[in-house]
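Below is one structure, written out as structure tokens; comments come after it.
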Amino acid sequence: MKSSGSFRRLRVSADGSGVVSHAGLGMLRELAEHSCLVAALNDALTDTYRGAWVHSPGQVLTDLAVAVADGADAITGIGVLGDRQGVFGPVASMPTAWWVLDRVDAEHLPAVRAARAAARQAAWAAGAGPDLSQELCIDLDATITVAHSEKENAAATWKRTFGFHPLLAFLDRPDIAGGEVLGGLLRPGNAGSNTAADHIQVLDMALASLPAHARPIPGDPGGPRVLARSDSAGATRAFAAACRERGVGFSFGFPVDFRIKKFVDGIPEQCWSPAIDTDSGIRNGAWVAEVTANIDLSAWPDGSRLILRKERPHPGAQLTFTDSDGMRITAFLTDTPPGVVCGNIAGLELRHRQHARVEDRIRQAKATGLRNLPCRGFNENAAWLEVVMMATDLIAWTKLIAFDGDPVLARCEIAAFRYRVLHVAARITRSARQTRLRIDKTWRWAAAIAAGWHRIRTAFG
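In this text, residue positions in the sequence shown follow this note's numbering: the first is 80, and each later residue adds one.
What follows is the structure, encoded as structure tokens:
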């Protein structure tokens, strides 16, 4: 057995200098500056100031976003930057950060969203953009954010909790096993899951957040292809019609009711095709069939198609009355014409099944500030939601630009990304009128972090 006596002999003192932890946060701050997010936020909030500011509102909001990316779940988290002014420079105090957040009222929220959109355009131009020859998938889903104290507009939720029910739109980015947040709407906890007006509003936010050259053009099949994916909460005729008006395709979960149940047992065996997995291999125990001709879809947009999927449940799963012959039956509605997606209806089913990835996006967003809305006022919490979305986007763009080609860092989840990149230790040295940040060379990812930092600087010219 190895002795631990050597650790007891370590001399511990608090007199170190020139040492900084969480040094990787500087990468996110530089990205916010290079993408003009700071400048755009300054323009959005400049009319809320009568005179000159000490700390610009854009810098304060992006510093809050960087702190949230680092794991902060309250405004006091900005102190993680203020404690390291040797590398980050002057940072606003917690009261100043609160006052800036308070300035982002309902009147200024659209300008803040426009600032995020401008930063996205710059980041995509620098290398963070997706392949626009492929379909862009926007996943819409709502989640519950529990309030543990009295907050404005907090209400009872359908899960018998108390809090809020925000609706979010993520751009699926499987290349980094993550996503960008294109839009989010903070709602009271008793907001409906299938409210068409809310889905339409969030879809409009998402489309406005895309660069102009990436937005769909209604009636132009040669323009960028954008798909809205949702579970059955989004399967409303009004939302489907809104997607069609905006040139957006749709793929919605469809409730399996008695209309489907009454004929599913009679579908001939030869009409069922094997389902496929991401690698295009056959998915064992799962089949798909199109039943568009068997259901009246005249109230839905022209070209709507209904596709069923049956799969043998996992051992121990409890069946419901809509399941048939021991098979779990699910359905989805799409307006994608035949031949557009490889694999025919099996390919369409795989594409819709990948909507489940939004659960991972929400889970990581909750680990990045969404789990707790720290303010009492509704407008301040709506502004905090914008900060959370900024943090999520900054992390995604950093992975896409700095660590392109390095799957260990580009595809890791937020907890691992913090440990490997954001929390890295470094030493500050000064010589020849230059300040240098020297990352600990014994750190396993030191070289990748330094190279990624320089890659961000060169990407924006």
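Every residue gets a Cβ at the ideal spot worked out from N, C-alpha and C, and that includes glycine.
In whole angstroms, give me the CA-to-CA distance for residue i and residue j.
i: Gly268; j: Gln443; result: 21 Å
i: Ala118; j: Val191; result: 11 Å
i: Phe243; j: Gly95; result: 45 Å
i: Ala312; j: Leu289; result: 24 Å
i: Ala538; j: Leu516; result: 20 Å
i: Gly531; j: Ile480; result: 8 Å
i: Thr274; j: Thr155; result: 35 Å
i: Ala58; j: His134; result: Nothing can be reported for residue 58, as the shown portion of the chain is limited to 80 through 540.
i: Ile474; j: Ala148; result: 7 Å
i: Ile40; j: Arg88; result: Outside the shown range of the chain (80 to 540) lies residue 40, about which nothing can therefore be said.
i: Ala505; j: Gly364; result: 52 Å
i: Arg362; j: Met173; result: 52 Å
i: Lys445; j: Val91; result: 37 Å
i: His502; j: Ala410; result: 44 Å
i: Leu124; j: Ala102; result: 29 Å
i: Asp299; j: Arg323; result: 12 Å
i: Asn451; j: Gly271; result: 21 Å
i: Arg440; j: Arg407; result: 26 Å
i: Gly168; j: Asp162; result: 10 Å
i: Ala494; j: Ala176; result: 25 Å
i: Phe337; j: Gly422; result: 29 Å
i: Leu265; j: Ala233; result: 10 Å
i: Ala511; j: Arg195; result: 38 Å
i: His278; j: Arg304; result: 19 Å
i: Thr413; j: Ile374; result: 14 Å
For residue i, report the span of its alpha helix (DSSP H) as first-last.
i: Arg192; result: 188 to 202
i: Phe539; result: Counting along the chain, Phe539 falls outside any alpha helix (DSSP H), and DSSP gives it neither H nor E.
i: Thr141; result: 136 to 148
i: Ile441; result: 436 to 444
i: Asn373; result: No alpha helix (DSSP H) holds Asn373; DSSP gives it neither H nor E.
i: Ala462; result: 457 to 481
i: Arg182; result: 173 to 182
i: Ala270; result: First-last for Ala270: undefined, no H or E at that position.
i: Leu160; result: 158 to 161
i: Val166; result: 164 to 167
Count the other CB atoms within 10 Å of the CB of residue i; is the residue buried (16 or more) or exposed (fewer)?
i: Trp379; result: buried
i: Val179; result: buried
i: Gln513; result: exposed
i: Phe342; result: exposed
i: Thr240; result: exposed
i: Gly328; result: buried
i: Asn121; result: buried
i: Lys238; result: exposed
i: Cys491; result: buried
i: Pro416; result: exposed
i: Asp310; result: buried
i: Thr521; result: exposed
i: Ser330; result: buried
i: Pro245; result: buried
i: Gly257; result: buried
i: Val487; result: exposed
i: Pro253; result: exposed
Counting along the chain, where does the beta strand (DSSP E) carrying residue i start and finish?
i: Gly242; result: 241 to 243
i: Leu264; result: 257 to 264
i: Ala425; result: Ala425 -> not in any beta strand (DSSP E); alpha helix (DSSP H) instead, spanning 423 to 432.
i: Leu387; result: 384 to 390
i: Asp358; result: Neither: Asp358 is in no beta strand (DSSP E) and is coded neither H nor E.
i: Ala410; result: 407 to 413
Notebook entry, point to check: Is there contact between the region 208 to 225 and the region 282 to 295, where contact requires at least three CB pairs shorter than 8 Å?
Noted result: A contact exists between the region 208 to 225 and the region 282 to 295.
Margin query: At 4 residues or longer, what runs of the alpha helix (DSSP H) sit wholly inside the region 320 to 352?
Written below: 337 to 343
Item checked: Those runs of the alpha helix (DSSP H) which lie wholly inside the region 86 to 125 and span at least 4 residues -> 104 to 113, 116 to 124
Item checked: Cβ contact (3+ pairs, closer than 8 Å) linking the region 99 to 115 and the region 428 to 435 -> The answer is no - the region 428 to 435 does not touch the region 99 to 115, with fewer than three Cβ pairs under 8 Å.
Notebook entry, point to check: Just checking, does the region 311 to 320 make contact with the region 346 to 360 on the three C-beta pairs under 8 Å criterion?
Noted result: no
Item checked: Stretch-stretch touch, CB-based, cutoff 8 Å, three pairs: the region 273 to 287 with the region 216 to 233 -> yes
Margin query: In chain order, what are the residue ranges of uninterrupted beta strand (DSSP E) at least 3 long that sit wholly in the region 490 to 516?
Written below: Qualifying beta strand (DSSP E) stretches, in chain order: 505 to 510.
Notebook entry, point to check: Quick one: any contact between the region 131 to 150 and the region 466 to 482, if contact means 3 or more CB pairs under 8 Å?
Noted result: Yes, the region 131 to 150 is in contact with the region 466 to 482.
Notebook entry, point to check: Quick one: complete beta strand (DSSP E) runs, 3+ long, within the region 272 to 320?
Noted result: As far as the region 272 to 320 is concerned, its whole beta strand (DSSP E) runs of at least 3 residues are 305 to 309.
Item checked: Contact between the region 372 to 388 and the region 445 to 456 (3+ Cβ pairs under 8 Å) -> Taking a cut-off of 8 Å for Cβ pairs, the region 372 to 388 and the region 445 to 456 do not touch, as fewer than three such pairs fall below it.
Checklist line | contact_flag[the region 481 to 490, the region 522 to 536] where n(CB pairs < 8 Å) is 3 or more | finding: Touching, per the Cβ criterion.
Next item on the list: Could you say if the region 114 to 129 and the region 197 to 205 meet the contact criterion of at least three C-beta pairs nearer than 8 Å?
Entry: yes
Next item on the list: Just list the beta strand (DSSP E) runs in the region 208 to 249, keeping only unbroken ones of 3 residues or longer that don't cross its boundaries, in chain order.
Entry: 215 to 221, 241 to 243
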